[in-house]
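Asker: Before anything else, here's the structure in question.
2 protein chains.
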Amino acid sequence: MLYPGNIKKDYKRNIPHKNRGMKLENLINLSNEYYLENDIAVIYKKPTPILVCQVDYKKNLIKEGYYKVPSTLDYNGIYRGKYIDFDAKETLSKTSFPLSNLHDHQLLHMKRVIKHGGISFLIIKMNSLYYLLDGKLIIDFIENNDRKSIPYEYIENNGIVIKENIRPALDYIKVIDSYYFKEENL
Amino acid sequence: MLYPGNIKKDYKRNIPHKNRGMKLENLINLSNEYYLENDIAVIYKKPTPILVCQVDYKKNLIKEGYYKVPSTLDYNGIYRGKYIDFDAKETLSKTSFPLSNLHDHQLLHMKRVIKHGGISFLIIKMNSLYYLLDGKLIIDFIENNDRKSIPYEYIENNGIVIKENIRPALDYIKVIDSYYFKEENL
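Going down the list, the protein sequences come from chains A and B. Note that this note's numbering has the first sequence beginning at 1, numbered continuously upward. Note that this note's numbering has the second sequence beginning at 187, numbered continuously upward.
Structure below.
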C-alpha cells in the first residue's frame, strides 16, 4: 500500500519512530513497566529528591520546595536475584561523553554497589544510539585518564547497543542477560 | 562517680535514651549512614514522591506540589550481594498492628521482590520495641486471615527484636544476618 508521496508504510520499522523525540527517561520508565507487568524484573526510578520548605497542611499542598542533588543513581531494583543500579544520560556531543554528567558521589555510589556484588552501569544516549556501559569500565576509564570526557570510541568499543523496540521500548534487560549472565545462559 | 541525686551515670546504658523520642525513620537513616561509612551495606531511603505542578525556573523554586502515594517500600539497597527492600512502620496500638499501614501495592511489591530472590520485611515499632518481621510471614498472615490487623502475639512470636544501640542506632543488619544468612554464618 502506498501513502501520499509514494512512501510505503512499514509498520514494524516505523514503530520505533514513535519513540523518537521521547525522552530517554520515558523509554526506560515504559520498559520498566513492561518488565514489571510481565514479571521479568522489579526496577523503579527513584523519585527526584525535593527539599520541602513550606507546606499548607490543610490543602496537602507544598508551597515552597527545591530540587536536591541526588547522591545515588536514578534507577534500582532486582533482576534474576541480582541488585541492579543504574542511571540514564544523554549527550548531544558526537565525539565524547562529558564526565560532568556524573557527580562524584554518583561515581562513589557505583563503586560501592559493585563492591557489594551488585550490577551497576550507565545507559548513554549518544549519536542516536543507546549504549549500556558497565560501571567497572567507567570507573576504570576515570581512574586511568585525566580527561574530563569519555571519547565516543571508548563507548563504541566497550558499550553494548540496546535496541529500540515496541515493547519494551528499550530492552536493556536483554543486554544485561548477554553481558552479566553470560555463564548462566550457556 | 556519683551525680546529683545519687544517680550513678552509666554512659553505655544511657545512650539509647538519646534515641528515645527520635522517629523510627531517623534511627534507620542514621543506621544506614553508619553502614555506608563502614562499608557494610549500601541502603538508602527513597525520596518521598512529589507531583510537581508549578516551578519558578529562575529561582529553581517549586511553588506547587503534592505528596503522592508511594507504590514501593521506602528503603532499598544491597547487602552481602542480596537485594534488600523494606519499610518502617510505627503503631501506638499495644495489641495489634493495623494493616491499613500497608497499601495494597506495597504488599504486591513485597511479593514481587521475594519472588525475584530479594529480601523484604517490615521494621515495626510497637510497645517500645523494634521488630523485624519477614515479608513472607506478613503475606502468609494476610492470605490466611480475614483480620484487618496483625495481633501483637504474632509479631512477638515471629518477629525478631532489633536492639537499640549507639552506632548503629538500630542494628537491623545484625538481625538480617541471623535470619536470612543463617546457613552462611555456620
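Don't be surprised by glycine CBs; every beta carbon is placed ideally from N, CA and C. Bear in mind the structure is a predicted one, so any value in this text is a computation, not a measurement.
Which residues in the same chain have their Cβ closer than 8 Å to the Cβ of residue 171 of chain A, if we skip the five residues on either side of it in sequence?
Answerer: Hits under 8 Å: 31, 162, 163 and 165.
Asker: Can you list, in chain order, the residues of its chain with a C-beta nearer than 7 Å to that of residue 12 of chain A? Leave out the 5 residues immediately preceding and following it.
Answerer: Low local confidence applies: a pLDDT of 41 at residue 12 of chain A is under 50, so the model's placement there is unreliable, with the coordinate-based value given in what follows. Nothing listed; no residue qualifies.
Asker: For chain A, check one thing: does any of its Cβ atoms lie closer than 7 Å to the Cβ of residue 233 of chain B?
Answerer: Residue 233 of chain B counts as touching chain A.
Asker: Using 10 angstroms around the beta-carbon of residue 354 of chain B, count the other beta-carbons present and answer buried if the total reaches 16, otherwise exposed.
Answerer: Under this definition residue 354 of chain B is a buried residue.
Asker: Taking only beta-carbon positions, decide if residue 167 of chain A is within less than 7 Å of chain B.
Answerer: Answer no: the Cβ-Cβ gap between residue 167 of chain A and chain B never drops below 7 Å.
Asker: Under a CB-based cut-off of 7 Å, is residue 269 of chain B close to chain A?
Answerer: It does; some Cβ of chain A falls within 7 Å.
Asker: Run through DSSP, which three-state label would residue 171 of chain A get?
Answerer: Coil at residue 171 of chain A, not helix or strand.
Asker: Apply the 10 Å Cβ neighbour rule to residue 184 of chain A and answer buried if 16 or more other Cβ atoms are within range, or exposed otherwise.
Answerer: Looking at its Cβ environment, which holds fewer than 16 other Cβ atoms inside 10 Å, residue 184 of chain A is exposed.
Asker: For chain B, check one thing: does any of its Cβ atoms lie closer than 7 Å to the Cβ of residue 44 of chain A?
Answerer: Taking Cβ atoms only, chain B reaches closer than 7 Å to residue 44 of chain A, which makes this a yes.
Asker: Run through DSSP, which three-state label would residue 121 of chain A get?
Answerer: Looking at residue 121 of chain A - three-state DSSP - the assignment turns out to be strand.
Asker: Output needed in chain order: residues of the stretch 73-98 of chain A with a Cβ under 9 Å from some Cβ in chain B.
Answerer: So the list reads 76, 77, 78, 79, 80, 81, 82, 83, 84 and 85, given in the order they occur along the chain.
Asker: Under a three-way DSSP split, which group does residue 128 of chain A fall into?
Answerer: Three-state result, residue 128 of chain A: coil.
Asker: If we ignore side chains and look at the alpha-carbon of each, how far apart do residue 42 of chain A and residue 297 of chain B end up?
Answerer: Rounded to whole angstroms, residue 42 of chain A to residue 297 of chain B spans 11 Å at the Cα level.
Asker: Starting from residue 333 of chain B, find everything on chain A with Cβ-Cβ shorter than 9 Å and list it in chain order.
Answerer: Per Cβ cutoff of 9 Å: no residues; residue 333 of chain B is ~28 Å from chain A at best.
Asker: May I ask you to verify whether the stretch 64-79 of chain A touches the stretch 327-338 of chain B, counting CB pairs closer than 8 Å and requiring at least 3?
Answerer: As far as the Cβ criterion goes, the stretch 64-79 of chain A does not touch the stretch 327-338 of chain B, which means the pair count is below three.
Asker: Taking DSSP as the reference, what is the three-state secondary structure of residue 341 of chain B?
Answerer: In this structure, residue 341 of chain B counts as helix in the three-state DSSP scheme.
Asker: Take residue 261 of chain A as the anchor and find which of A:74, A:117, A:159 and A:23 has the nearest alpha-carbon.
Answerer: Examination of residue 261 of chain A is not possible in this model, given that chain A is present from 1 through 186 alone.
Asker: Applying the criterion that 16 or more other CB atoms from any shown protein chain within 10 Å of the CB defines a buried residue, is residue 157 of chain A buried or exposed?
Answerer: That one is exposed.
Asker: Beta-carbon separation of residue 88 of chain A and residue 28 of chain A under 7 Å?
Answerer: Yes.
Asker: Quick check on the DSSP output: what are the complete beta strand (DSSP E) runs of length 3 or more inside the stretch 57-117 of chain A, in order along the chain?
Answerer: 61-67, 75-79, 82-90 and 96-98, all fully within the stretch 57-117 of chain A.
Asker: Is DSSP giving residue 10 of chain A helix, strand or coil here?
Answerer: At residue 10 of chain A the pLDDT is 42, less than 50, meaning the model places this residue with poor confidence and gives no usable figure here.
Asker: Below 6 Å CB to CB, which residues in the same chain sit around residue 91 of chain A once its five sequence neighbours on both sides are set aside?
Answerer: Once the five neighbours on either side are set aside, the close Cβ partners of residue 91 of chain A are 97 and 126.
Asker: Using a threshold of 7 Å, state whether the C-beta atoms of residue 258 of chain B and residue 295 of chain B are closer than that.
Answerer: In this structure, residue 295 of chain B lies closer than 7 Å to residue 258 of chain B by Cβ.
Asker: Using a Cβ cut-off of 7 Å, pull out every chain A residue sitting near residue 246 of chain B, in sequence order please.
Answerer: Ordered by position in chain A, the residues that pass the 7 Å Cβ test against residue 246 of chain B are 66 and 67.
Asker: Below 7 Å between beta carbons is the criterion; list the residues of the stretch 291-325 of chain B that meet it against any residue of chain A, in chain order.
Answerer: The residues in question are 298, 299, 302, 303 and 304.
Asker: Taking residue 325 of chain B as part of the alpha helix (DSSP H), name the residues at either end of that continuous run.
Answerer: Unbroken alpha helix (DSSP H) run through residue 325 of chain B: 321-329.
Asker: In chain order, what residues of the same chain have a beta carbon less than 6 Å from the beta carbon of residue 175 of chain A, not counting five sequence neighbours either side?
Answerer: These residues qualify, in order along the chain: 132, 160 and 162.
Asker: Can you tell me whether residue 51 of chain A is buried or exposed? The criterion is at least 16 other CB atoms within 10 Å of its CB, across all chains shown.
Answerer: By the 10 Å Cβ count, residue 51 of chain A comes out exposed.
Asker: According to DSSP, simplified to helix, strand and coil, what is residue 40 of chain A?
Answerer: Residue 40 of chain A falls in the coil class under three-state DSSP.
Asker: Express the C-alpha separation of residue 130 of chain A and residue 82 of chain A in angstroms, rounding to a whole number.
Answerer: Distance between the alpha carbons of residue 82 of chain A and residue 130 of chain A is about 23 Å.
Asker: Leaving aside the five residues before and after residue 359 of chain B along the sequence, list all residues of the same chain whose C-beta is less than 7 Å from its C-beta, in chain order.
Answerer: Counting only Cβ-Cβ distances below 7 Å, and skipping sequence neighbours, we find 221, 226, 227 and 265.
Asker: Run through DSSP, which three-state label would residue 182 of chain A get?
Answerer: Residue 182 of chain A: helix per DSSP, three-state reduction.
Asker: Can you give me the Cβ contacts of residue 85 of chain A inside the same chain, cut-off strictly under 6 Å, excluding the 5 residues immediately before and after it?
Answerer: Counting only Cβ-Cβ distances below 6 Å, and skipping sequence neighbours, we find 73, 76, 113, 118 and 120.
Asker: I want to see whether chain B comes within less than 7 Å of residue 50 of chain A, judged by CB atoms only; does it?
Answerer: It does: the Cβ of residue 50 of chain A has a partner Cβ on chain B nearer than 7 Å.
Asker: What residues in its chain sit with their C-beta under 6 Å from that of residue 56 of chain A, if we drop five residues either side in the sequence?
Answerer: So the qualifying residues of the chain are 63.
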